[in-house]
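*Asks:*
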């Protein structure tokens, strides 16, 4: 995808990748093994962070903790990755946390069905575009007319791509068949899509009898601790818990570097809110004026991808965004991303399509960042409703709910079934319990209907799961209204979940802050804000004279003792002697923050209050003097 | 084990556990599932950190990063947990990373063999002690004389316990048989010890053909990136890489809370040093005066556990500690532990016994902390020699070594075998390659012997692995000296590895800082140093009047915006009205650090420059006013 750098040049991924790799921001894990003879492993989708990547990641996490956990007073938890199978059976992940995959019928390679369709249709569209005359005077006859698509086909492909996330497996199978979609590497036919569970499985303990999964999200650990966290929060609602930790997804065909990996760092918030009261948020007023670029569901389903910039206050009022709490977090996500240096023009919020949402979600907006790989989901903000707490409560019989004292006692009148247990047992024997449960599980309107049927017809017919219908008369069951007084209201809170993929944010951020001078592609700059920059001060000695060494060492050690990451660059000291240079370094202001260090040279472009450092080829490495407030 | 609190009272674990649990420092993971019907999982050895535990952990990690990574300028990496099987086959973990386990022959429960022996012998010794008269006037005839041990048996048991880590599986099997050791819960006999690999296994990718393990240590990822890290460090030696991350060990029988868990956070340093030059360290002078409590190998093998306090300079000089680099890190570990609040009187450094060391180690010292569970290994400091880099280099053929330009070219004279390939192939056919390799893999002295044999006897005999010996004459091979000039010295660095178990440190630290007034066991204090305390300021409103609420909220929000964790305690405001109280809170000094906040009340005991907060039963919770500089 063609993107431009912040200074307007075309973004060249090859040059960018070379800088990131050379400076060791991150690197393919187990790279030394990949080419070893007889290596049987699979290291795709696994990446190691080198020193600057590791520091950048730690700084992003630190800011995240300050922006959310500390500023909003969220109890933070750190739960285990290893999770017993029962938990994910209950949450639905064992049955439903899967992607659809196809197999190359000749080679056997697996590929994700949606990625396959996307890749092939995008290729056909771009081949088609290449056959079109750029203007009326362009009559290049060498263009391959076999790749021309009809106008109707172009529209069809574009519509499919706009709603690619909305197809299920069988629908994708039909598309693959109808459009003759083949494996892009081999042009072989592919098998129909089959589901593949994305969780890594292992077993725990010496007997190997207890299956465990590596969590695919941090959320379940937070939910299972809900009651303890509520107590920790003095039983006061609403509140949010937070967690930062690794999660694991066994991606079918990892690609795009850090953007689709099998092991990744997440930061997740679970905000618990009373479903009554329209999910209002006490601090919504503070953010309601914030204008966000929104791409809603309807726009996408009409085959369009144009964003509308709206204040979040308006968007919630018009129900484009469902409720205040969801809206509040979208605004907070927005300010967090800008604070770490994300380019505002490459950020949008996209609403999920109905079939695209996770099995637990009832509404979801993604913060997407534009990269050379297209728009990338970096933060998901889902309304998980009461789903998770409800299913875990049902399974464990532990009360994962809120008990709220009522200001005034409430008188509740309810239909209730009363059984003559003896008659029930005699009539239905082994089915007696199932009959009782079938009636007790009815809701109030259904019980009211049964009560009146029982009065009118003197009998009711009940359908049992996988059995024949049964008939009960008034000798066995009575359904009557009874009244009781409630002093406490019990409810299962709804959960709004902002979920951050730290690796994706980090990668997209690096693309956003990368630039170079128009005439000097090889000398790259990464203008990271001071707060996230891995190195705060670059010490550049003017001379390699031995006398300088202890001074440089002393300066560097003193700064590091103060907790200020520094780096010494003495590679070009000799050249620098006699040049006129600005001073380097930084100092602490009253708030204990580093102010911008003066620059060695003025950049012709680039925002002022940000840092950067050259990344250059081996030959041009010497002479690095381009520094700002934050360096790496 | 009987330990005392810092104020001299007996440490009562039940009271301590209750505080830790109530304040949600950490909690059993998946506790709500444990009692669910039909739960088939195993949640033992899995713990979640609640808000204060999570903050304490983050603060310890943050100080660790400042103390080691930043102050010593170590490149930090963050590598994946998922590791292809090949890597751990090479490192030896697939074959040797195991514990010995026994099975209850009736119930089938598994137990670690060394833990079994320890538990049973300790029980026998304590039963025996209970039968002994406290002094000569004590003639309690009710004591169970069947539990009396002979003096020789007491000595034997104590010696076994002192070197319990030195036995291998068969030796433990012999002890179990000889001493009739049975399962402590059931008194059933146990099966002989069998090895059990402690790594969790899974598979990666859709075909399930590629086995992976969860790493049991962070080290291998660092080793595999050695060449990149050396380059990042401008090819300058010595240097250390560092990593903080989760590791996993499938413990046979987890116990003792956080002290033996299956998922845990580690912080590891791999210091790469030239094996020539006695592993000196450039900053050893800065620490050589530091006095450390050392328990060396010889003392333990003599059945003794008395520490000697020595300066690390002396200890290295006398070769109690093998080398300066190992000694430097022991001193740095010591200062780190004290800086986070560890009790100096409950810290010792114990040298590993020969059979106790990991398969890769050539010397190892553990920093052990005394807890109510006995002395606990919290930091290991091993000399892994060149083991790991060598085996990975051999397997991958990637040069994981240092190339050092020589100040002066070096002339090397070496014995070399030269083969007549044609004659070799004709004589040995399919074995020719093996013959060539067998000779080429000989070292210089061996080649010198072969050369002289070949001159004297005109033939040599070579032993081939799993084949018959072969005889070569001078028509097939010549062994002669040749000379070449070397400009670069290549060597595989040795690795000194300080490895920190963060969870164990955190737990032991909590035991060390826990105390209570002599007459008030229920009101606990945790005197954590300010730097690691989860909460820095407690805001205690004097009144619950509604007018106070916005002031408290404003104060709390302002502090949190500055990055200072606060907690509001309004549970007892009414009671407090009218009392004379000190002021609460803290302020920033010039270095941006919080000074001690004034105390609400004076404690009768406890160190001055540390914080604490009451942990009390539900009834006595109200009225909390005991605060210091650091709170939780």
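Residue numbers (full-length UniProt numbering), protein chains in the order written: chain A, 1 to 632; chain B, 1 to 632.
No residue lacks a Cβ here, since even glycine has one placed at the ideal position from N, Cα and C.
Since this is a predicted model, take the numbers as computed values, not measurements.
#1: Leaving out five residues on either side along the sequence, give the residues of the same chain with a beta carbon under 7 Å from the beta carbon of residue 238 of chain B.
#2: So, helix, strand or coil for residue 351 of chain B, using DSSP?
#3: Identify whether residue 271 of chain B lies in helix, strand or coil by the three-state DSSP scheme.
#4: Under 9 Å between beta-carbons, which chain B residues line up against residue 110 of chain A? List them in chain order, please.
#5: How would you write the range of the alpha helix (DSSP H) that residue 308 of chain B sits in, first residue to last?
#6: Tell me, please, whether the region 469-482 of chain B touches the region 411-424 of chain B by the rule of three or more beta-carbon pairs shorter than 8 Å.
#7: To the nearest whole angstrom, what separates the beta carbons of residue 367 of chain B and residue 333 of chain B, a pair I think is in contact under 8 Å?
#8: Just confirm the distance between the C-beta atoms of residue 486 of chain B and residue 474 of chain B, as a whole number of angstroms; I'd bet it's less than 8 Å.
#9: On the CB-based measure, 16 or more other CB atoms within 10 Å of its CB, does residue 633 of chain A come out buried or exposed?
#10: Nearest to residue 491 of chain B by alpha carbon, out of B:86, B:276 and B:145?
#11: Which value, in whole angstroms, describes the spacing of the CA atoms of residue 471 of chain A and residue 170 of chain A?
#12: Please say whether residue 462 of chain A and residue 432 of chain A have beta carbons closer to each other than 9 Å?
#13: Does residue 286 of chain B pass the burial test, meaning 16 or more other C-beta atoms within 10 Å, or should it be called exposed?
#14: Can you find a C-beta in chain A that's less than 9 Å from the C-beta of residue 29 of chain B?
#15: Assign residue 566 of chain B to buried or exposed, taking buried as 16 or more other Cβ atoms, counted over all protein chains shown, within 10 Å of its Cβ.
#16: List the residues of chain A whose Cβ lies closer than 9 Å to the Cβ of residue 41 of chain B, in chain order.
#17: When you compare only the Cα positions, how much space is there between residue 47 of chain B and residue 152 of chain B?
#18: Mapping DSSP to helix, strand and coil, what is residue 300 of chain A?
#19: Jot down the residue ranges of each uninterrupted alpha helix (DSSP H) in the region 216-265 of chain A, minimum 4 residues, whole runs only, in chain order.
#20: As an exercise, report each continuous alpha helix (DSSP H) stretch of at least 4 residues that is fully enclosed by the region 66-101 of chain B, in chain order.
#21: Which residue spans inside the region 433-517 of chain A form an unbroken alpha helix (DSSP H) run of at least 4?
#22: Determine, using beta carbons only, whether residue 384 of chain B comes closer than 9 Å to chain A.
#23: According to the Cβ coordinates, are residue 265 of chain A and residue 9 of chain A closer than 9 Å?
#24: Quick check: what's the CA-CA separation for residue 489 of chain B versus residue 405 of chain B?
#25: Please report the Cβ distance between residue 190 of chain A and residue 116 of chain A, rounded to the nearest whole angstrom; I am assuming they are in contact, meaning their Cβ atoms lie under 8 Å.
#26: Give me the residue from B:231, B:527 and B:40 with the minimum Cα distance to residue 205 of chain A.
#27: Alpha carbon to alpha carbon, how far is residue 203 of chain B from residue 83 of chain B?
#28: Taking the CB atoms as reference points, tell me whether residue 324 of chain B and residue 279 of chain B lie closer together than 9 Å.
#29: Residue 227 of chain B: which of B:425, B:447, B:392 and B:64 sits nearest, CA to CA?
#30: Out of curiosity, what's the CA-to-CA distance linking residue 402 of chain B and residue 495 of chain B?
#31: Exposed or buried, residue 282 of chain B, counting other C-beta atoms within 10 Å across all chains shown (16 or more means buried)?
#32: Just curious, the beta strand (DSSP E) that residue 379 of chain A is in, first and last residue?
#33: DSSP three-state label for residue 197 of chain A, please.
#34: With the cut-off set at 9 Å, would you say residue 97 of chain B and residue 216 of chain B are in Cβ contact?
#35: When you compare only the Cα positions, how much space is there between residue 291 of chain A and residue 370 of chain A?
#36: Which residue comes first and which comes last in the alpha helix (DSSP H) that contains residue 334 of chain A?
*Replies:* If we stick to the structure as given:
#1: Looking up residue 238 of chain B in the second chain gives position 238. Correct list, in chain order: 271, 272, 273 and 274.
#2: As a first step, residue 351 of chain B must be located in the second chain, where it is residue number 351. If DSSP states are grouped into helix, strand and coil, residue 351 of chain B belongs with the strands.
#3: On the second chain, residue 271 of chain B is found 271 positions in, with the first residue counted as 1. Residue state for residue 271 of chain B is assigned as strand, using DSSP reduced to three classes.
#4: Counting from 1 along the first chain, the entry for residue 110 of chain A is found at position 110. The answer, in chain order, is 205, 206 and 207.
#5: The count along the second chain starts at 1 and reaches residue 308 of chain B at position 308. Annotation for residue 308 of chain B: no alpha helix (DSSP H) segment contains it, though the beta strand (DSSP E) segment containing it runs 308-311.
#6: Yes, since at least three Cβ pairs between the region 469-482 of chain B and the region 411-424 of chain B fall closer than 8 Å, the two stretches touch.
#7: Numbered from 1 along the second chain, position 367 holds the residue referred to as residue 367 of chain B. Numbered from 1 along the second chain, position 333 holds the residue referred to as residue 333 of chain B. Taking 8 Å as the upper bound for CB-CB distance, residue 367 of chain B and residue 333 of chain B are in contact here, some 5 Å apart.
#8: As a working note, residue 486 of chain B is residue 486 in the second chain. As a working note, residue 474 of chain B is residue 474 in the second chain. A Cβ-Cβ distance of about 29 Å is found for the pair residue 486 of chain B and residue 474 of chain B, leaving them out of contact under the 8 Å criterion.
#9: Look at the range of chain A in this structure, 1 to 632, and you will see that residue 633 of chain A is not part of it.
#10: Position 491 of the second chain holds residue 491 of chain B. The residue with the shortest Cα to Cα distance from residue 491 of chain B is B:276.
#11: Walking along the first chain from the start, residue 471 of chain A turns up at place 471. Walking along the first chain from the start, residue 170 of chain A turns up at place 170. Cα to Cα, the separation comes out at about 41 Å.
#12: Here residue 432 of chain A is taken as the residue at index 432 of the first chain, counted from 1. Here residue 462 of chain A is taken as the residue at index 462 of the first chain, counted from 1. No, these two residues do not count as a Cβ contact at 9 Å.
#13: Translated into the one-based positions of the second chain, residue 286 of chain B becomes position 286. Result: exposed.
#14: To locate residue 29 of chain B, count along the second chain from 1; it is residue 29. Against chain A, the CB of residue 29 of chain B has a partner CB under 9 Å away; the residue lies at that interface.
#15: Within the second chain, numbered from 1, the residue matching residue 566 of chain B stands at position 566. Residue environment: residue 566 of chain B is assigned as buried (16 or more neighbouring CB atoms within 10 Å of its CB, all protein chains considered).
#16: Position 41 of the second chain holds residue 41 of chain B. Correct list: 83, 84, 85, 86, 87, 204, 210, 211 and 212.
#17: Mapped onto the second chain, residue 47 of chain B falls at position 47. Mapped onto the second chain, residue 152 of chain B falls at position 152. The straight-line gap from Cα to Cα measures roughly 42 Å.
#18: Here the question's residue 300 of chain A lines up with position 300 in the first chain. Residue 300 of chain A: helix per DSSP, three-state reduction.
#19: Qualifying alpha helix (DSSP H) stretches, in chain order: 219-224 and 226-232.
#20: Runs of the alpha helix (DSSP H) inside the region 66-101 of chain B: 85-91 and 93-96.
#21: Complete alpha helix (DSSP H) runs here, min 4: 444-456 and 502-513.
#22: Taking the second chain and counting its residues from 1, one reaches residue 384 of chain B at position 384. Look at residue 384 of chain B: its C-beta is not under 9 Å from any C-beta on chain A.
#23: Here residue 265 of chain A corresponds to residue number 265 of the first chain, with the count starting at 1. Here residue 9 of chain A corresponds to residue number 9 of the first chain, with the count starting at 1. Against a cut-off of 9 Å, the Cβ pair of residue 9 of chain A and residue 265 of chain A comes out as no contact.
#24: For the purposes of this step, residue 489 of chain B is taken as the residue at position 489 of the second chain. For the purposes of this step, residue 405 of chain B is taken as the residue at position 405 of the second chain. Taking C-alpha positions only, residue 489 of chain B is separated from residue 405 of chain B by approximately 6 Å.
#25: In the first chain, residue 190 of chain A corresponds to position 190, counting from 1. In the first chain, residue 116 of chain A corresponds to position 116, counting from 1. About 7 Å separates the Cβ atoms of residue 190 of chain A and residue 116 of chain A, confirming a contact at the 8 Å cut-off.
#26: One-based indexing of the first chain puts residue 205 of chain A at position 205. It is B:40 whose Cα lies nearest to the Cα of residue 205 of chain A.
#27: The sequence position of residue 203 of chain B within the second chain is 203, counting from 1. The sequence position of residue 83 of chain B within the second chain is 83, counting from 1. Cα to Cα, the separation comes out at about 10 Å.
#28: Stepping through the second chain from its first residue, residue 324 of chain B is reached at position 324. Stepping through the second chain from its first residue, residue 279 of chain B is reached at position 279. Contact flag set, yes.
#29: Translated into positions along the second chain, residue 227 of chain B becomes position 227. Just measuring C-alpha positions, the residue of B:425, B:447, B:392 and B:64 sitting nearest residue 227 of chain B is B:392.
#30: As a first step, residue 402 of chain B must be located in the second chain, where it is residue number 402. As a first step, residue 495 of chain B must be located in the second chain, where it is residue number 495. Our two residues, residue 402 of chain B and residue 495 of chain B, have alpha carbons roughly 13 Å apart in a direct line.
#31: If you number the second chain from 1, residue 282 of chain B lands on position 282. Its Cβ having fewer than 16 others within 10 Å, residue 282 of chain B is exposed.
#32: Position 379 of the first chain, counted from the first residue, corresponds to residue 379 of chain A. Segment 374-385, the beta strand (DSSP E) holding residue 379 of chain A.
#33: For the purposes of this step, residue 197 of chain A is taken as the residue at position 197 of the first chain. Three-state result, residue 197 of chain A: strand.
#34: In the second chain, the residue the question calls residue 97 of chain B occupies position 97. In the second chain, the residue the question calls residue 216 of chain B occupies position 216. Annotated as proximal: residue 97 of chain B and residue 216 of chain B, with beta-carbon spacing under 9 Å.
#35: Taking the first residue of the first chain as position 1, residue 291 of chain A is located at position 291. Taking the first residue of the first chain as position 1, residue 370 of chain A is located at position 370. Going by C-alpha positions, residue 291 of chain A is about 18 Å away from residue 370 of chain A.
#36: In the first chain, counting from the first residue as 1, residue 334 of chain A sits at position 334. Run containing residue 334 of chain A: 324-339, per the alpha helix (DSSP H) assignment.
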